[in-house]
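Note sheet for the following structure.
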Amino acid sequence: MANDNSKNHVWLHLGLITFTVLAIYPVLWVLALSFSGQQNVGLIDLPKDPTFFERFRGIVPVPAHWSVQNFVGVWTEQDFGRWLWNSAVVSLMTTALGVFLACTAAYAFSRFRFPGRNTGMLMFLVSQMFPGTLTLIPLFIIIVKWLELGNTYIGLVIVYATTAIPFCVWMLKGYFDTIPYDIEESALIDGASRLTIFWRIILPLAKPAIAITALFSFMTAWNEFILASVFMESEANYTAPVGLRFFVGGFSSQWGYFAAGSVIVSLPVVALFLQLQKYLISGLTAGSVK
Amino acid sequence: MNIAEHLKRSALPGLGVSVLITLVLGAWLFHAEENNLRLQNMQRLAVMHANALALAVANTNVEETNKRVVEIQNHNPRIESIIIVGGMQLVASTRPEDAAPRRLKREEKALFDLSNEIRAARETNRGEEVVRKKTTKIEEKADGHFVVTVPYLTDGQFAGILQMKFNAAGRNVFSPMPDSYLLASLLFIAALVAGSLLLLHPKRKFDLMKLLALGVYLAIALLYQYQGLNQLEQAMSQANRAIAADYLATAEQYDRLGYLALVRDKSFVNLWDTDHYQRPLGLVATDGSISEGAQAAYFSKRSEYLKRILGAIDMLGAAVLLFIIYGYAARMLAAIREHSYACAYVTPAILGMLVLVFFPFAYGIALSFTDTTLFNEFLPFQDRLIGWDNFKAILGDFNIYEQTPEGIIWNYQNFYWTLLVTVAWTISNVTIGVTVGFILAMVLNTEGLRGKAIYRVILILPWAIPNYITALVWRGMFHPQFGVINQVLQMFGMQPVAWFDGVFSSFLTGVATNGWLSFPFMMVVILGALQSIPREMYEAAEVEGADRWQRLKFITLPLLKPTLIPAIVLSVVWTFNMFNIIFLVSGGEPGGANEILITKAYKIAFENYQYAYAAAYSTVIFMILLVYGIFQTRITKATESF
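Quick note, the sequences are listed as chains A and B, same order. Its first residue numbered 18, the first sequence is counted upward by one per residue in the working numbering. Its first residue numbered 69, the second sequence is counted upward by one per residue in the working numbering.
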């Protein structure tokens, strides 16, 4: 029986390894391209009539010559540093604004009973059903044409922050509900004001949930592509996603710069994702199974 | 009783607030309408001059046309430039650098397109015998500077377009209305005085004083609005007179040059003074006289919309008045004061949501009932309304394929084709995601398998990378010449595939990319569910003699169902709306054949600039998702009961 099992496992391992190689290949390909020091989409220059092995060498994700030229070039020859800075500023501002708005609203929904409370909660839930393109055109008209906030950080930040609010509020409210009310009551008796309680007691206690919320807001802004490409028209104001597309979209093909930029942009996100996947998955499934 | 107490019990706050609201909204409305009318009259003037010239050059040869065009511009300083386009030819131009006549340049293709659009509009109108498509295009370049495009005919046949840049600014076609601030302030003071005199009975439901307060409010509101409408009408007839005078002066000028094509008599079929469908407005006769009756009829048609809004303002004001004098307002204020903390905490978020989520949503739906494009968005909203036409054009167009001798030609721009592609896209992706995810989860759940954690982390990686990067990477790997995938095909002696040139192969690129990035989610979800199935169940089944297949069918699948169905439901919506993959990998190539609904809506809006059509498209998408959402809750409920 044991023998039978291990034999099966060999096949399983073979299958798994094949699949894993397939799954990780695009990642390795980008990594190889980013360290290749050239701009072509092919990793090596193939001779005129390549043999089987020359072609095989062409698909192995190892650059012909190792070089950090693409990483240097993307900073010095391209505007990528600026785009990354734009993305960082927009994402951080979105996080700050989004978390502030979500914390205050979630606290009120969790602790106060006031007229319109249920309507408000429902409103947040319903808004999740609106399709992106339907609000995209009006948002473009409102932000770019009416408020003239195109090509500014603020235009993007307020839109990102409000889109992230519903999820953050529901998440934080759930957490605030678990903090016992007794703590607040005793503080109230001691003469602390509501504001003090919120700042000094509730927020420090809710740190883990706030961290998740902040990350969610940050990732929303960091990975967003459509709104940014519509709002940011001038090249100096591109965010990193729009800039990366600029390298290889349309008729330009600076694949080396694209690969180097992609690695820089993805690293923090992938690291965070792998760290936090447990919470994310439990949140997703908890919401859906219910 | 002291004065403060008296005023508190009087109708003063109610009348004050409601009258103030009515006056402010009314003044704003009249002001906006005044601007609309000014714009409209400036456009009318520009159209008149373009029509006049188009008629003057209708039956001449190219040389004479060029001469006349230059002559007219020299005589009229308000005309900034004129060009005439016929087919691929620039027939005439007043810009010296153009050297007309000559062929159109590449970068002037927009003019050729515009000409075709107007020709098509004319043919539609003629074919259907209803006036549906505008044959005159107007664009406002800068304040008061218009570019007017009208059809250019020779011998009564459509031959091209005439485009005129016209400066209507600074010209006295619409004098500003007299300020109504004095009247408004007087009415407001009257409301305050009347309000302070009316002492309300707090307990009684109906008393004379409340009725009186309502009467005073309505009298003031109607007086103000009547006065405003009157002023508007006067301004309009004055504008009409100014245009008639301009018409006469221009006609005389054309006469002197010997170009006039209009006989000046009492006829109101004035072919110079037309609307956007080239129908005579009938306001100014060809001899310059004005029809009072037609003018009044025109104004009453125009002001109907205005009157409806004014009525709505009156109702709002009356509601506010009743709200305050019945004491609800005081109670609400008290409630806000009592819950002041909650309000302060919630207001910023709610306000943001209202302004940036709910308002855009409502505005998008409103937009879908207009014909807004980049070129006419400066027009007032009511002039852009076209009812259900966009929806009819989207949903009523069943022209999905054409039968030709060479076979069937699919119409890739058709909504139902795109819907078909979207459904195929969603189904194939979800199927792949679930199948691959399920198999991997089953394998990873094998007992005693080594290196599970490593496999899991690597296999989850595609999910972690931002999907726009994934999409662009796959676009590179599908590169027809140097892409890795074609290298592999060639390695085994196959021909390279031009991936983005074929409908099916292009579809495959999207599916491959999306499959790659969506299986980890399914895998993780299913793995989580598998691990929560108690081992004892399998052991018991084994004891009963159930084989592998039976265990899968009777234990694993039923127990996975509560997790799997919500995950599938979720991933259907995600895939349906997966903008980035289609947009970045294939871009809907070839020829828009692989567009899904959401990328199509985006392209209509931001590549064709048909905002309203795109909004209608998005509304249809929303309706589809809504139907799906209702359907989905049913299914989820059904599984819960299971």
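Where a beta carbon is used, it is the ideal one built from N, C-alpha and C, also for glycine. Computed from a predicted model, the values in this text were never measured in an experiment.
Whether B/M42 touches B/A521 by CB criterion (8 Å)
With chain B covering only 69 through 710, there is no way to say anything about residue 42 of chain B.
Which of the residues in the stretch 326-345 of chain B, read from start to end, lie with their CB under 9 Å from any CB of chain C?
Here chain C cannot be found, since the structure's protein chains are A and B.
Is B/T472 helix, strand or coil when you go by DSSP?
For the purposes of this step, residue 472 of chain B is identified with residue 404 of the second sequence, where counting begins at 1. Strand at B/T472.
Secondary structure of A/V91, DSSP reduced to three states:
Residue numbering aside, residue 91 of chain A sits at position 74 when the first sequence is read from its first letter. Here A/V91 sits in helix by DSSP.
Locate the beta strand (DSSP E) running through B/P219, then write down its first and last residues.
To locate residue 219 of chain B, count along the second sequence from 1; it is residue 151. Run containing B/P219: H213 to T222, per the beta strand (DSSP E) assignment.
Tell me whether the beta-carbon of B/V541 lies closer than 8 Å to the beta-carbon of B/N662.
Counted from its first residue, the second sequence places residue 541 of chain B at position 473. Counted from its first residue, the second sequence places residue 662 of chain B at position 594. No. Outside cutoff.
Tell me the DSSP secondary structure of B/R518 in three-state form.
Counting from 1 along the second sequence, the entry for residue 518 of chain B is found at position 450. Here B/R518 sits in coil by DSSP.
Same chain, Cβ closer than 8 Å to A/S251, neighbours up to 5 away in sequence not counted:
The residue you call residue 251 of chain A lines up with position 234 of the first sequence. Contacts found: N168.
Within this structure, are the beta carbons of B/S264 and B/L75 separated by less than 8 Å?
Here residue 264 of chain B refers to the residue found at position 196 when the second sequence is read from its first residue. Here residue 75 of chain B refers to the residue found at position 7 when the second sequence is read from its first residue. Cβ distance < 8 Å, so B/S264 and B/L75 count as in contact.
Only counting the same chain, and skipping five residues up and downstream in sequence, which positions put a Cβ closer than 7 Å to that of A/R217?
To locate residue 217 of chain A, count along the first sequence from 1; it is residue 200. Counting only Cβ-Cβ distances below 7 Å, and skipping sequence neighbours, we find nothing.
Sort out for me which residues DSSP pairs B/K205 with in a bridge.
Residue numbering aside, residue 205 of chain B sits at position 137 when the second sequence is read from its first letter. According to DSSP, which records beta bridges pairwise, B/K205 is partnered with B/T217.
Exposure label - B/G195; buried when at least 16 CB within 10 Å
Within the second sequence, the letter at position 127 stands for residue 195 of chain B. Looking at its Cβ environment, which holds fewer than 16 other Cβ atoms inside 10 Å, B/G195 is exposed.
Per-residue contacts from A/P221 into chain B (C-beta, under 8 Å):
One-based indexing of the first sequence puts residue 221 of chain A at position 204. By Cβ distance, chain B contributes nothing, its closest Cβ being about 17 Å from A/P221, past 8 Å.
Alpha helix (DSSP H) segment containing B/V541, residue limits:
One-based indexing of the second sequence puts residue 541 of chain B at position 473. Element bounds for B/V541: N535 to M545.
Among A/A178, A/Q56, A/W92 and A/G75, whose alpha-carbon lies nearest the alpha-carbon of A/I281?
Start at 1 with the first residue of the first sequence, and residue 281 of chain A comes out as number 264. Measuring from the Cα of A/I281, the nearest candidate turns out to be A/W92.
Within its chain, find whatever has a CB closer than 7 Å to the CB of B/L585; leave out the 5 residues flanking it on each side and keep chain order.
Locating residue 585 of chain B in the second sequence gives position 517, where the first residue counts as 1. The residues are P530, W531, N535 and T538.
For B/S574, which option in B/A387, B/Q231 and B/V653 has the closest C-alpha, if you only look at C-alpha atoms?
Within the second sequence, the letter at position 506 stands for residue 574 of chain B. When each option's Cα is compared against that of B/S574, the closest is B/V653.
Rounded straight-line distance, which links the Cα of A/F184 to that of A/D21
Counting from 1 along the first sequence, the entry for residue 21 of chain A is found at position 4. Counting from 1 along the first sequence, the entry for residue 184 of chain A is found at position 167. Per-residue confidence for A/D21 stands at a pLDDT of 49, beneath the threshold of 50, marking its modelled position as unreliable; the derived number appears in the next sentence. Straight-line Cα distance between these residues: approximately 49 Å.
So which residues on chain A does B/G432 lean against when the C-beta distance must stay under 7 Å?
Locating residue 432 of chain B in the second sequence gives position 364, counting from the first residue. In chain order: L151, T152, I154 and P155.
Buried or exposed, going by whether 16 or more other CB atoms sit within 10 Å of the CB of A/A19?
Your numbering for residue 19 of chain A matches position 2 in the first sequence. Per-residue confidence for A/A19 stands at a pLDDT of 42, beneath the threshold of 50, marking its modelled position as unreliable; the derived number appears in the next sentence. Exposed.
How would you list, in chain order, the residues of chain A whose beta-carbon sits under 8 Å from the beta-carbon of B/H407?
As a position in the second sequence, residue 407 of chain B is number 339, starting the count at 1. Ordered by position in chain A, the residues that pass the 8 Å Cβ test against B/H407 are F129, F131 and P132.
Ordered list of alpha helix (DSSP H) runs contained in the stretch 576-603 of chain B, each at least 4 residues:
Scanning the stretch 576-603 of chain B for uninterrupted alpha helix (DSSP H) segments of 4 residues or longer gives nothing; none is fully contained.
What residue range does the beta strand (DSSP E) around B/M232 cover?
On the second sequence, residue 232 of chain B is found 164 positions in, with the first residue counted as 1. Here the beta strand (DSSP E) through B/M232 covers Q225 to N235.
Identify every run of the alpha helix (DSSP H) within the stretch 34-86 of chain A, keeping only runs that are complete inside it and at least 4 residues long; order them along the chain.
Counting only runs of 4 or more, we get 69-76.
Taking the C-alpha atoms as reference points, what is the distance between A/K307 and B/S183?
Counting from 1 along the first sequence, the entry for residue 307 of chain A is found at position 290. Counting from 1 along the second sequence, the entry for residue 183 of chain B is found at position 115. Per-residue confidence for A/K307 stands at a pLDDT of 31, beneath the threshold of 50, marking its modelled position as unreliable; the derived number appears in the next sentence. Distance between the alpha carbons of A/K307 and B/S183: 58 Å.
Three-state secondary structure assigned by DSSP to B/L267
For the purposes of this step, residue 267 of chain B is taken as residue 199 along the second sequence, with counting starting at 1. Here B/L267 sits in strand by DSSP.
Measure from the C-beta of A/I159 to each C-beta in chain B and report whether the shortest distance is under 8 Å.
Position 142 of the first sequence, counting from 1, holds the residue named residue 159 of chain A. By this cut-off, A/I159 is an interface position.
Return the residue from the list B/E102, B/A680, B/F690 and B/G583 that minimises the CA-CA distance to B/S248.
Stepping through the second sequence from its first residue, residue 248 of chain B is reached at position 180. The shortest C-alpha separation from B/S248 is found at B/E102.
Got a sec: is the Cβ-Cβ distance from B/H74 to anything in chain A below 8 Å?
Walking along the second sequence from the start, residue 74 of chain B turns up at place 6. So, not an interface residue.
Anyone know if the C-beta pair for B/V218 and B/N119 falls short of 8 Å?
On the second sequence, residue 218 of chain B is found 150 positions in, with the first residue counted as 1. On the second sequence, residue 119 of chain B is found 51 positions in, with the first residue counted as 1. Yes, the pair counts as a contact, with Cβ atoms nearer than the cut-off.
If I follow the unbroken alpha helix (DSSP H) through A/G115, where does it start and stop?
As a position in the first sequence, residue 115 of chain A is number 98, starting the count at 1. A/G115 -> alpha helix (DSSP H) spans F97 to R128.
So, is A/K65 buried or exposed, given that buried needs 16 or more other C-beta atoms within 10 angstroms?
Taking the first residue of the first sequence as position 1, residue 65 of chain A is located at position 48. A/K65 should be labelled exposed.
Backbone secondary structure at B/L158 - three-state DSSP:
Here residue 158 of chain B refers to the residue found at position 90 of the second sequence. Strand.
Determine which residues of the stretch 642-654 of chain B have a Cβ less than 9 Å from any Cβ of chain A, and write them out in chain order.
N645, F647, N648, F651 and L652
Check each candidate in B/F427, B/W340 and B/F622 and name the one with the smallest Cα separation from B/A609.
Locating residue 609 of chain B in the second sequence gives position 541, counting from the first residue. Looking at the Cα atoms, B/F622 is the closest of the given residues.
Check whether the stretch 150-166 of chain B touches the stretch 119-134 of chain B, taking contact to mean three or more Cβ pairs, one atom from each stretch, closer than 8 Å.
yes
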